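Asks: Top to bottom, those sequences are chains H and S.
Sequential numbering of the first sequence, starting at 101, is according to this note's numbering.
Sequential numbering of the second sequence, starting at 122, is according to this note's numbering.
Cβ atoms here follow ideal geometry from the backbone N, Cα and C, with glycine treated the same way.
If you're wondering where the values come from, they're calculated on a predicted model, not measured in any experiment.
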Amino acid sequence: MRITLNGEAREVTEGQSVASLLADLGVQAERVAVELNLKIVDRQTFTGTSLRDGDRVEVIGFIGGGRSDDDER
Amino acid sequence: MSDDRLTIAGIDFRSRLWVGTGKYKDFVETQKAIEASGAEVVTVAVRRVNITDRKSENLLDYISPKTYKILPNTAGCYNVEDALRYARLARAAGISDMVKLEVIGDEKTLFPDTAGLIEAAKILVKEGFIVFPYTNDDPIVAKRLVDVGCPAVMPLAAPIGSGLGIRNPYNLKILMEAVNVPVIVDAGVGTASDAALAMEYGADAVLMNSAIAGAKEPILMAEAMKYAVWAGRMAFKAGRIPRKLYATASSPIEGML
Chain H
101 MRITLNGEAR EVTEGQSVAS LLADLGVQAE RVAVELNLKI VDRQTFTGTS LRDGDRVEVI
161 GFIGGGRSDD DER
Chain S
122 MSDDRLTIAG IDFRSRLWVG TGKYKDFVET QKAIEASGAE VVTVAVRRVN ITDRKSENLL
182 DYISPKTYKI LPNTAGCYNV EDALRYARLA RAAGISDMVK LEVIGDEKTL FPDTAGLIEA
242 AKILVKEGFI VFPYTNDDPI VAKRLVDVGC PAVMPLAAPI GSGLGIRNPY NLKILMEAVN
302 VPVIVDAGVG TASDAALAME YGADAVLMNS AIAGAKEPIL MAEAMKYAVW AGRMAFKAGR
362 IPRKLYATAS SPIEGML
């Protein structure tokens, strides 16, 4: 099935969990926030939350930034 | 001066110099500069994680949340809705309830949209955030921000990244008198004397990024800023002499031949 991950299409296995997706991405779960269809996923439920076809997933973390001129937009 | 702590919303802050993490050459330089600055509060931006490069490093591996107080910002947000979304994501990332709230009004000046700022601050405070609002040097707006529950305000000294220094010291002074919460001067500092001046005027802290990261020698400038903030703070506490037009001799006349 196909989801949109950080704005890009991505094939994932049917019913894959958020935790498993993060592991596939090599992302440390404790350093990120995950938004699923515009709703924040509680980190306690990363393992129990399954993805569905067409889901829009955002994986967000912290980067260097001071103020509005400092990001690489 | 070591007991000269700044306390906001029950949190003790060791350093009155707060720094951003943008614009550095790499994470090593970021780390060294921040170490040299003696800063404890470090601002970070909230962005999509790089998922294409598994080897990409994480800023927090260099700036540990165990050592530093990480202050996520909503930089790049041009409306209330976006600012709320970024603030909530930042908190969900699990580092703290603090957020440096920016609702930017205009790309050219990066001046804050103060109406949107107050609106967003009100909502986030209700949700339990500790909101540090990046605002204009407008005393009335600062009062409104305090009214909606901000435990501090962060007025600009000049446009972000401009390095123009404190363009309106009188407004800043009025602002400091107008609110009964700590004032953190944010944006516009170009060099050490600007930071010292902000502290001499009575600011409780100064936040900067470009002035350090953009200097020819960022690590050296970071150290200069540390001393400037100290010097300014000490001078403020010591109380400067009044300005006079004519001379007053320092040496006594008595005993002269």
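Can you say whether Gly185 of chain S is buried or exposed, counting buried as having 16 or more other CB atoms within 10 angstroms of its CB?
Replies: The sequence given here has Ser at residue 185 of chain S, not Gly. Exposed, since its Cβ has fewer than 16 Cβ neighbours within 10 Å.
Asks: Mind reading off the beta-carbon distance from Leu328 of chain S to Met275 of chain S? Whole number of angstroms is fine, and I expect it under 8 Å.
Replies: 6 Å
Asks: Mapping DSSP to helix, strand and coil, what is Arg265 of chain S?
Replies: helix
Asks: How is Arg364 of chain S classed by DSSP in three states: helix, strand or coil?
Replies: coil
Asks: Among the residues of its own chain, which have a CB less than 7 Å from the CB of Ala208 of chain S, if the five just before and after it don't count?
Replies: Thr195, Val220, Leu222, Leu245 and Phe250
Asks: Count the C-beta pairs between the stretch 154-161 of chain S and the stretch 101-115 of chain H that are closer than 8 Å, then say yes if the count reaches three, no if not.
Replies: no
Asks: Straight-line CA distance for Arg364 of chain S to Pro373 of chain S?
Replies: For Arg364 of chain S and Pro373 of chain S, the gap between their C-alpha atoms comes out near 20 Å.
Asks: Does any CB atom of chain H fall closer than 7 Å to the CB of Ala324 of chain S?
Replies: no
Asks: If we count Cβ pairs, one from each stretch, closer than 8 Å, do we get three or more for the stretch 153-164 of chain H versus the stretch 128-143 of chain H?
Replies: yes
Asks: Determine the direct distance from the alpha carbon of Ala332 of chain S to that of Glu240 of chain S, and round the result to whole angstroms.
Replies: 30 Å
Asks: Starting from Ala109 of chain H, follow its DSSP beta bridges and name the residues at the other end.
Replies: DSSP lists H:Thr104 as partners of Ala109 of chain H.
Asks: Anyone know if the C-beta pair for Ala319 of chain S and Val300 of chain S falls short of 7 Å?
Replies: Not a contact, by the Cβ cut-off of 7 Å.
Asks: Within the same chain, show all residues whose beta-carbon is closer than 8 Å to that of Ser371 of chain S, passing over the 5 residues directly before and after it, in chain order.
Replies: none
Asks: Going by DSSP, name the residue or residues bridged to Val112 of chain S.
Replies: Since the first residue of chain S shown is 122 and the last is 378, residue 112 of chain S is not available in this structure.
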